[in-house]
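In our numbering, the protein residues as written are 8 to 192.
Structure first, then comments.
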Amino acid sequence: MHAPFQGWTAHATTGLTAAHGLRLRGAVSTLVDRFGAAPQMTRTPRIVIGILLLLCLCVMLGIAFWPTPVDADGRTTLLAILDRLQAAGAPAWFDYRFVESAANVVLFIPLGALLALELPLRLWWIAPLTTTLFSVAIELGQTLLPERVATIADVYANATGGLLGATIVLVVRLLVTGHGRPRPT
Numbered sequence: 008m009h010a011p012f013q014g015w016t017a018h019a020t021t022g023l024t025a026a027h028g029l030r031l032r033g034a035v036s037t038l039v040d041r042f043g044a045a046p047q048m049t050r051t052p053r054i055v056i057g058i059l060l061l062l063c064l065c066v067m068l069g070i071a072f073w074p075t076p077v078d079a080d081g082r083t084t085l086l087a088i089l090d091r092l093q094a095a096g097a098p099a100w101f102d103y104r105f106v107e108s109a110a111n112v113v114l115f116i117p118l119g120a121l122l123a124l125e126l127p128l129r130l131w132w133i134a135p136l137t138t139t140l141f142s143v144a145i146e147l148g149q150t151l152l153p154e155r156v157a158t159i160a161d162v163y164a165n166a167t168g169g170l171l172g173a174t175i176v177l178v179v180r181l182l183v184t185g186h187g188r189p190r191p192t
């Protein structure tokens, strides 16, 4: 142990018995087990989550790197529907850009959720970070496709979807494990 810490540890442990040390180690061990352990799953759910994650990535890559915009065939119909909704009183912000952005958010929710399921509870934040980096990679790749347009707005929408998916899993896991319950006063 380094010299500066020797005096502190001697002072901090004054009056502690071996029983205190065992209780402290037990409490720390419990915290590590609860927050640091990977989700307790059998092999089958892990395989299912892995397969779903792979399918999700394949679908997303197919959509992202399709040579033409995936909504090219339905764009005219969608615009007509949106015009009718506007005429019927839909708010002005409910336009094509909103629908496209909402679709990007929804597309990334499953990816964020599946990644969060694969991670230990304390590392849940890696899921939205990963979805954001994946989105940046997709947008950079789309710059190589002549008919596709890469935008920072898509990265924001995709990152939002990944964060929502991961947060939903986080909240459910906290509630299921009891971490989300208020402490008695």
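Every residue, glycine too, gets a C-beta built ideally from N, C-alpha and C.
Does the contact criterion of 3 or more C-beta pairs under 8 Å hold for the segment 168–179 versus the segment 137–151? yes
When you compare each of Asp161, Pro52, Val179, Val176 to Glu107 by their alpha carbons, which one comes out closest? Walking along the sequence shown from the start, residue 107 turns up at place 100. Minimum Cα distance to Glu107 is reached at Asp161.
Quick check on Ile58: buried or exposed, where buried means 16 or more other Cβ atoms within 10 Å of its Cβ? The residue labelled residue 58 in the question sits at position 51 within the sequence shown. Ile58 comes out exposed.
Using CA coordinates, which residue listed in Gly69, Ile56, Pro74 is at the minimum distance from Leu151? Position 144 of the sequence shown holds residue 151. Taking only the C-alpha atoms, the option nearest Leu151 is Pro74.
The alpha helix (DSSP H) with Asp102 in it runs from where to where? On the sequence shown, position 95 is the one that residue 102 refers to. No alpha helix (DSSP H) contains Asp102, which DSSP labels as neither H nor E.
Completely contained alpha helix (DSSP H) runs for the segment 66–144, where each covers 4 or more residues: 82–94, 103–125
Taking Arg180 as part of the alpha helix (DSSP H), name the residues at either end of that continuous run. Taking the first residue of the sequence shown as 1, we reach residue 180 at position 173. Per DSSP, Arg180 belongs to the alpha helix (DSSP H) from 159–184.
Which whole-angstrom value describes the C-beta separation of Ala173 and Ala120, a residue pair presumed to lie in contact below a C-beta threshold of 8 Å? In the sequence shown, counting from the first residue as 1, residue 173 sits at position 166. In the sequence shown, counting from the first residue as 1, residue 120 sits at position 113. With 8 Å as the limit, Ala173 and Ala120 qualify as a contact, their Cβ atoms being about 7 Å apart.
Mind checking Thr138: buried by the 16 CB within 10 Å criterion, or exposed? Start at 1 with the first residue of the sequence shown, and residue 138 comes out as number 131. With 16 or more other Cβ atoms within 10 Å, it is buried.
Ignore the nearest five residues each way along the sequence and tell me which others in Gln149's own chain have a CB closer than 8 Å to its CB. As a working mapping, residue 149 is identified with position 142 in the sequence shown. Taken in chain order, the residues that qualify are Ala71, Phe72, Arg155, Val156, Ala157.
Residue burial classification, Val176 (beta-carbon count within 10 angstroms, cutoff 16): As a first step, residue 176 is located in the sequence shown; it is residue number 169 there, counting from the start. Buried, because 16 or more other Cβ atoms sit within 10 Å of the Cβ of Val176.
Is the Cβ-Cβ distance between Leu118 and Cys63 less than 7 Å? Position 111 of the sequence shown, counting from 1, holds the residue named residue 118. Position 56 of the sequence shown, counting from 1, holds the residue named residue 63. Cβ atoms of Leu118 and Cys63: closer than 7 Å.
Which of the three DSSP states is assigned to Pro153 in this structure? As a working mapping, residue 153 is identified with position 146 in the sequence shown. Pro153 falls in the coil class under three-state DSSP.
Whole angstroms is fine: what's the gap from Cys65's alpha carbon to Val183's? Taking the sequence shown and counting its residues from 1, one reaches residue 65 at position 58. Taking the sequence shown and counting its residues from 1, one reaches residue 183 at position 176. Roughly 31 Å separates the two Cα atoms.
Helix, strand or coil at Thr51 according to DSSP, with G and I counted as helix: Stepping through the sequence shown from its first residue, residue 51 is reached at position 44. Helix.
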